[in-house]
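For reference, the structure discussed in these notes is given below.
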Amino acid sequence: MRTSHVKFYQTGTFTVGNRLLSEAERSVQSTLERTNALNSGHRACQGCGEALGARYAIDAAMRATDNQLIAANATGCLEVFSTPYPQTSWQIPWIHSLFGNTAAVATGVAAALRVKGRTQTRVVAQGGDGGTTDIGFGCLSGMFERNDDVLYICYDNEAYMNTGVQRSSATPPAARTATSQAVGSEPGNVFGQGKNVPLIAMAHEIPYVATASVADVRDLETKVTKAMSMHGARYIHILVPCPLGWGAAPHDTVNLARLATESGLFPVFEAEHGEITDRRTIRRKVPVEDYLRRQKRFAHLFKPELRTDVIAQLQAMADRNIRRFGLLDKEEL
Amino acid sequence: MRKPFAVTLDVGSSLANLTGSWRSERPVYVDRLPPCNATCPAGENIQQWLFHAEEGHYEAAWRVLTRDNPLAAIMGRVCYHPCEGACNRGQLDESVGINAVERFLGDEATRQGWCFDPVTTESGKRVMVVGSGPAGLSAAYHLRSKGHGVVIFEAEPLAGGMLRYGIPQYRLPRAVIDSDVQRIIDMGVELRLGQRIEDIQATMQQEGFDACFLGVGSQIGKRAYIPAGDARKITDAVGVLHQMEGEHKPLLGRRVIVYGGGNTAIDVARTARRLGAEESVIVYRRTRDKMPAHSHEVSEALEEGVKLKWLSTITAADEETITVEKMELDDDGFPQPTGEFETMPADSVVLALGQDVDLDLLNRLPGLTIERGVVQVDANRATGVPGVFAGGDMVGGERTVTVAVGHGKRAARAIDAYLQGVHHKPAGKHELATFDRLNTWYYSDAPKSIRPVLDIIRRQSTFDEVVGGLDEANALYEARRCMSCGNCFECDTCYGVCPDNAVIKLGPGKRFRFNYDYCKGCGLCVAECPCGAIRIEAEPD
Amino acid sequence: MFQVRIHGRGGQGVVSAAEMLSIAGFLEGRHTQAFPSFGSERMGAPVMAFCRFDDKEIRLREPVMAPDALIIQDTTLLHQVNLFEGVCDAGYVLINSTRTPSELGLDDFFASRPGIRVLTVPASQLALEHVGRPLPNAALLGGFAALTGIIRFDSVAAAIAEKFSGRIASSNVAAAKAAYEIAVTATREASAAC
Amino acid sequence: MLKQIEGSRAVAEAVALCRPEVICAYPITPQTHIVENLGQLVKTGELSNCEFINVESEFAALSVAIGASATGARAYTATASQGLLFMAEAVYNASGLGLPIVMTIGNRAIGAPINIWNDQQDSMSMRDAGWIQLYAETNQEAVDLHIQAVRLAEELSVPVMVCVDGFILTHAYERVDLPSQEQVDAFVPAYEPRQVLDPAEPVTIGAMVGPEAFTEVRYLAHYRQMQALWLIPELAEEFEQHFGRAAGGLLRPYHTEAAETLVVALGSVNGTIKDVVDQLNDEGVAIGCVSITSFRPFPARKLRETIGHARRVVVIEKSLAVGIGGIVSTDVRMALAGAGIPVFTVIAGLGGRAITQASLHDVLTKAHHDALQRLTFLDLRHDVIHREIERLETQRRSGPVAENILRELGSVADHIG
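Protein chains in written order, with this note's numbering: chain F, 1 to 333; chain G, 334 to 874; chain X, 875 to 1068; chain U, 1069 to 1485.
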């Protein structure tokens, strides 16, 4: 967002930490005291964006709640890599029930806390895009509609990675997955499908909806902190690149998230009670091609022949986001 | 069965799972040489002093700076700052205004009355330094700070050498020289003004010096043969500038022709304007972009009304005119005569064709080698004579104040080793922190601050300093534009982006350590490190 | 055991009638059991409900196959559903109608089953008068008490008061009372005629 | 306190007396009246300190209960039929996590064809889900079983289903003795969870367990249920001392001692069976019956002790294992393994088909004379079946079976039986 506490502190303005800032203004992730909600020893792949996003988000939520936090977790990579018997990586009270019921489980936790008078303890539900936008969508919508006191965080890596990279309703067009193969005349996932859950969440007119990515930890933390300062149903959708599923280098995870936002393919914005209140403008606009080229799931757009037509379609999606969410300052348009 | 078996687990237990075994490559913290440091002729640790300045710790910054160069206020005015040319930030937006921050620190030292650390242990050794120019001052400072007794012999009545007698006041106010010199004197360095050394060895023996540093400036202007009707009107630039320091200012007339394309030519041309010349024309045989003078000085001169006539050589000088021949550049960029001539009005012609060092004092020093007008020294600035070292203009290479300071420092280190009976070996250098190693996303867009410039009327009529200094806020801003290329500035990005919490933060000033028990070797820290201070390397077998 | 089956249409309070009947029996210290033959019937569809009375625990869960009494809330059902199926020979049939059984064309049936005592009461009309809505169920229970004598009117009134509240309760009790009076008179006349 | 109330209301009041802290409601016939009543009790404040949550599906209903239970709240929900199947995944999950949730099942058939009337196919489908299953014979027992279920669930950390026949019990007005709040409070102590989501003592609940420990986890689930085999009678005894009436227990025998023929059944049909047993006894037929209250855990030993002397056993069950026959019968046969006693299966009351005394009398008489087939569908209309089978054999496009049969039979309310 445009909250820039570091205007004159150019030395690493966008870094995780900034020694020139006062302690209070530093990111949670830069502090020695950060809680490492998702601790070392988890079994996520090298360079896992979801592991990163989850620690960013939960650490921030823990700081915002003075560690009085309970998490419900959907089935998925995050659950599997963090809690294989006999070890868990979580440092907070955490429950995994099923793939599609996480929002409801969180509702139950919140209800129990309320009835028990433990109102200082707050609830976060978290799941991947499959558990959120597909199988868990009914429970999610119910939780939104009742305005239950839950922050739901979706870690979106744009496919079912846990089961071996199958297409979800968050998979972008043209992307290759195991169930949207890069074969035929229109290789990869089809155009004209997919579900924009942040916008659907907004249609519930819940108090807070935001998108974020692992490329901007300060923005992410600001949003989680803001969400935890509110009550009622809240939703944060975080883009977390997956080296395995995207066919990208493990060290490119943060960079890919950055390119997704800087190209306009993944708009970063905030909304309250159904209305967009802010958006994170693009700093250094890049063509979608820069983003696509680094991922094997889009390799068929470049080899054996360059599919300028498909790339243009994806660019048009990015351009539409830029117009729709106002991602570029006026003079840059 | 306190908790349900297997289904319910105690928190944080995954610490028992050492995922470091997954790794085939490992990240390693490194320090790379930032291009500013790499190019500084004085060997300043620029990035380090900017680091302190970024936090507003100006005295700490100044102390780091003066560890290598005692003349901060002078450098901040006359250094041609090759560091800025090399600065990686120049590839992002504009280079960091290092020189401006240096000047701010130098001036701040004077304003705040900061002194160099007093010498605590006297070595008992004595070193004579010949010349109080930048090389001599630098050598004296470094030798004194190592506890040696130092005496500077200066032929002129005032200290500073070419700083004073070669650089116009509007670029370097004399008070600045005085205070930087005084700070060195205050360390216990003895300065003997007006003492020209005739016989080095004799002096050393007489006064019991254990070693000697020669730092004599190039104070003799090179002459070119120009058929002249009236030889009086042809002077040389060094002479003009030297004369400016005396009581009798040079009389150059209304129309002054300066012949040459170096910085000295510019200095004289601008001095001439200030002395009242209506026309001050630089005649140069090649084109403007081929001039050795620094571009910004040429620009400043043009702003002040100095005119440039390039692709021209002076072939004759008469009482009121000169004759120039038009030149053209050949394929190799060398000027060739065309046979076309024209005349220009001229009251005087100042030759600025380079300078030589007066090497007379070396005549009686056996073992010293002089080739093409310069003293031959080794890497430690040692001459062939045991205990005699030399630096600055005398030893060749680029003749700038900063180079001279660097010579003085290096020679002082070698002399110190010599006095201890050992041979000085310079430390090895880190690999260069090139631009491609940076992740510049993390630096916000911040254009360079502009130093205030004196208004044009006063620049044409007075010798007031043309370029002003930055105020504190601007200096801070400028320091903070530094990207800390190649060296960790504790931005916490590696600590943040590690999906495995395998970076251990050691606390302020202590940087970080990898926890190889958990590091899976994904390389995210390497890719995201803004300043290129992490390297990925193959896991050892 | 005394078994009652009530026929009507969805929205006419058939189930409530059975429930009130069971409450009335309960208030007299008897074991009673009321339950609907429930479906997903909407307003207007034919429905029925059952009620059993006994002096010991009622364990039987089958629908009332052989009712001792039938309550027919809506005469339009007469030609659609086999209402009289299983009704006992000495049973009672109470019909919500302003017309007589003869006028309803039931003479042949009752002639073939001379043991059955049949009575019509204008329950909907009474409800309209007293309650303001043509809901015949409470009124019919008043008639039922008079016709069968198996339960006291006071118990019926108390059951109505338990099921409803305020003016709805009192007006329904009044409708039931009116039906009760009509039935008492008719029953007395019928007895006298014998 | 004696009341003449609807079964659903009685269950709701009993549940309320147990002081649930989170109630999740999603409507499905015939469970609706239970949650409607509970909603009312919460809204009026008669049931205080309770969160009543209207959820968007049965799957969510049990999921919310899971979250609440794991956070230390006493959680309750109710469902039936399709709803139970829709929450099936969560049913297994709740028991796998060891969460002592109590859930009422208003037993109802499962479609297709869609059918809202009573049978027990729904709860039978979840018999292996790790929940304790208790079947109520009357509304009084439904009340009493709910009170016992809360104790049972929380002592063992196992969820419990209380199965109540839809309509037949849920919609029946009967006399029910409802205990006082003081009595229930004395019997059901405050919930002391075995594990709880609490930042003061964080735990990870719901880990992924691989082959190295999964068998042990499953064994322990079995072990806990087997513990219920002694805890259920113990609670029933304590309940009787406390409330002055017998309720619950593993099973309930009726005229079994001298019986040659023994009838086994679950739920409300036992009332009708007892009436028929009385009739047959009066006719000189040596017959008795057993009502199984605890179907899971299955009281195999207790059952064998009770019916092991019979010449034959007839299981009357309201569910069908398509392709083999009875579900309860299979378990009864296992309990009687090696005893050489023939077990007859009578599938009855499917989709609300009335189980009449007359039909039972007929089928039990036949059974007593060993004239019954091992698998019998009570009151099966052979004429209808034969016509449909014929249609199936002669026409490729024979059309939907259910609709074909309905067309022949006319509307449901035309028939009383």
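No residue lacks a Cβ here, since even glycine has one placed at the ideal position from N, Cα and C.
Given a cut-off of 8 Å on the beta-carbon distance, is the pair residue i and residue j in contact?
i: residue 92/F; j: residue 69/F; result: yes
i: residue 460/G; j: residue 373/G; result: no
i: residue 177/F; j: residue 166/F; result: yes
i: residue 74/F; j: residue 127/F; result: yes
i: residue 835/G; j: residue 852/G; result: yes
i: residue 335/F; j: residue 218/F; result: With chain F covering only 1 through 333, there is no way to say anything about residue 335/F.
Output needed for residue i: all residues of its chain with C-beta closer than 8 Å, excluding positions within five of it in sequence on either side, in chain order.
i: residue 669/G; result: 660, 661, 662 and 663
i: residue 867/G; result: 360, 361, 362, 363, 827, 858 and 859
i: residue 1032/X; result: 897, 898 and 901
i: residue 1480/U; result: Summary for residue 1480/U: the model assigns pLDDT 49, below 50, so the residue's position carries little reliability; its value from the coordinates is reported in the next sentence. Hits under 8 Å: none found.
Spatial neighbours of residue i within its chain, please: CB distance less than 7 Å, with the 5 preceding and 5 following residues excluded, ordered by chain position.
i: residue 447/G; result: 392 and 395
i: residue 873/X; result: Outside the displayed span of chain X (875 to 1068) sits residue 873/X, for which this structure offers no information.
i: residue 624/G; result: 594, 617 and 631
For residue i, which residues in chain F fall below 7 Å Cβ to Cβ?
i: residue 1405/U; result: In chain order: nothing, as chain F lies at least about 36 Å away.
What residues in its chain sit with their C-beta under 6 Å from that of residue i, if we drop five residues either side in the sequence?
i: residue 1376/U; result: 1407
i: residue 1477/U; result: none
i: residue 1428/U; result: 1344
i: residue 5/F; result: Residue placement at residue 5/F cannot be trusted, given a pLDDT of 36 that sits under 50; what the coordinates show is reported in the next sentence. Excluding positions up to five away in sequence, the list reads 25.
i: residue 1311/U; result: 1247
i: residue 1395/U; result: 1192, 1387 and 1389
i: residue 1119/U; result: 1090
Give me the chain G residues within the contact set of residue i, using Cβ-Cβ distance strictly less than 7 Å, ordered along the chain.
i: residue 1274/U; result: 340
i: residue 253/F; result: 857
So residue i contacts chain G; which residues on that side make the cut at Cβ distance below 9 Å?
i: residue 1284/U; result: 338 and 339
i: residue 1271/U; result: 336, 341, 342, 343 and 344
Since residue i meets chain U, which of its residues come closer than 7 Å, beta carbon to beta carbon?
i: residue 115/F; result: 1089, 1090, 1117, 1118, 1119 and 1141
Starting from residue i, find everything on chain F with Cβ-Cβ shorter than 9 Å and list it in chain order.
i: residue 840/G; result: 32
i: residue 825/G; result: 12, 15, 16, 17, 18, 19, 26, 27, 29, 30 and 31
Please list the partners that residue i has in chain U, where partner means a Cβ-to-Cβ separation under 8 Å.
i: residue 934/X; result: 1339, 1340, 1343 and 1425
In chain U, which residues lie less than 9 Å from residue i when you measure between Cβ atoms?
i: residue 906/X; result: 1072, 1241, 1242 and 1243
**Prompt:** What are the uninterrupted segments assigned as beta strand (DSSP E) that are 3 or more residues long and contained completely in the segment 680-714 of chain G, given in chain order?
**Reply:** 681-684
**Message:** Does the structure place the segment 1156-1176 of chain U close enough to the segment 1041-1057 of chain X that three or more beta carbon pairs sit under 8 Å?
**Reply:** no
**Message:** Quick check on the DSSP output: what are the complete alpha helix (DSSP H) runs of length 4 or more inside the segment 81-120 of chain F, in order along the chain?
**Reply:** 102-115
**Message:** Under 8 Å, with one C-beta from each stretch per pair, do the segment 1230-1240 of chain U and the segment 1105-1117 of chain U reach the 3-pair mark?
**Reply:** no
**Item:** the segment 313-329 of chain F contacting the segment 38-56 of chain F, beta-carbon criterion three pairs below 8 Å
**Value:** no
**Asked** Three or more beta-carbon pairs under 8 Å between the segment 381-391 of chain G and the segment 434-450 of chain G, yes or no?
**Response** yes
**Message:** Under 8 Å: do the segment 270-283 of chain F and the segment 237-254 of chain F share three or more Cβ pairs, one atom per stretch?
**Reply:** no
**Item:** the segment 52-70 of chain F touching the segment 105-122 of chain F, judged by at least three CB pairs closer than 8 Å
**Value:** Counting Cβ pairs under 8 Å, three or more are found: they touch.
**Prompt:** Does the segment 1190-1210 of chain U come within contact of the segment 1153-1171 of chain U, defined as at least 3 CB pairs closer than 8 Å?
**Reply:** yes
**Item:** 3 or more residues per run - each beta strand (DSSP E) lying fully within the segment 1363-1435 of chain U
**Value:** Those beta strand (DSSP E) runs which fall completely within the segment 1363-1435 of chain U and span 3+ residues are 1380-1385 and 1411-1415.
**Asked** Taking one C-beta from the segment 783-792 of chain G and one from the segment 744-751 of chain G each time, how about it: are there three or more such pairs within less than 8 Å?
**Response** no
**Touching by the beta-carbon criterion (3+ pairs, under 8 Å), the segment 1266-1276 of chain U and the segment 924-931 of chain X** = no
**Prompt:** Are at least three pairs of beta-carbons, each pair with one atom in the segment 519-534 of chain G and one in the segment 598-613 of chain G, less than 8 Å apart?
**Reply:** No, because fewer than three Cβ pairs between the segment 519-534 of chain G and the segment 598-613 of chain G fall closer than 8 Å, the two stretches do not touch.
**Request:** Could you tell me which uninterrupted alpha helix (DSSP H) segments, each at least 4 residues in length, are contained entirely in the segment 581-629 of chain G, listed from first to last along the chain?
**Result:** 596-607
**Message:** Under 8 Å: do the segment 1201-1211 of chain U and the segment 1367-1374 of chain U share three or more Cβ pairs, one atom per stretch?
**Reply:** With fewer than three CB-CB distances shorter than 8 Å, the segment 1201-1211 of chain U does not count as touching the segment 1367-1374 of chain U.
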